[in-house]
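Participant: The letter at position 39 of the sequence shown is residue 40 when you use the numbering used here, and the numbering goes up by one with no holes. Before I ask anything, let me first share the structure, which is written out below as structure tokens.
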Amino acid sequence: MSESGTVSVEDVRRVAELASLELTAEVESRMLRDLNAILGYVSQLNELDTSAVPPMAQVSEVIGDAQTPTVLRADEVVPCLDRSVVMSGAPETDGVFFKVPKVIER
């Protein structure tokens, strides 16, 4: 990203390369426009004064109220799956890890 906080065509091409995507010139142009629009919106949000807003660790702190409290399931400790049982169902394993075919080539 450039110092001005905008996305360049080179940025779009680099991200597409990292994601193994082939973008047409039309899609590349649209991505450039859309990403810069998103960054512009985020820039507007950064201008808001949030100094009087207390930080939250969980969104659920503001979802529920006295009439409709937020209901979350209780945390319960449960035993892990037995590795040998899990590995017995795998098509290929070394006993510790699953073996999978290579799917990404460069």
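Cβ atoms here follow ideal geometry from the backbone N, Cα and C, with glycine treated the same way.
Closest by CA to Ile105, which one among Ala53, Thr51, Ala75 and Ser21?
Facilitator: It is Ser21.
Participant: Quick one: Cα of Val16 to Cα of Leu49, how far?
Facilitator: 30 Å
Participant: What are the partner residues of Phe98, as DSSP defines its beta bridges?
Facilitator: BP columns for Phe98 are empty, so no partner.
Participant: Go ahead and label Val13 buried or exposed: buried means 16 or more other beta carbons lie within 10 angstroms of its beta carbon, across all protein chains shown.
Facilitator: buried
Participant: Using the C-alpha atoms, what's the distance from Glu77 back to Leu40?
Facilitator: 41 Å
Participant: Put Ser89 into one of helix, strand or coil per three-state DSSP.
Facilitator: It is helical.
Participant: Thinking Val10 and Glu23 are a contact (beta carbons under 8 Å), I'd like their distance in whole angstroms, please.
Facilitator: Wrong, their Cβ atoms sit about 15 Å apart, outside the cutoff.
Participant: Counting along the chain, where does the alpha helix (DSSP H) carrying Asp35 start and finish?
Facilitator: Ala26 to Asn47
Participant: Under a Cβ-count criterion, where at least 16 other Cβ atoms within 10 Å of its own Cβ denotes burial, should Met57 be classed as buried or exposed?
Facilitator: exposed
Participant: So, using beta-carbon positions, are Val8 and Asn37 closer together than 8 Å?
Facilitator: yes
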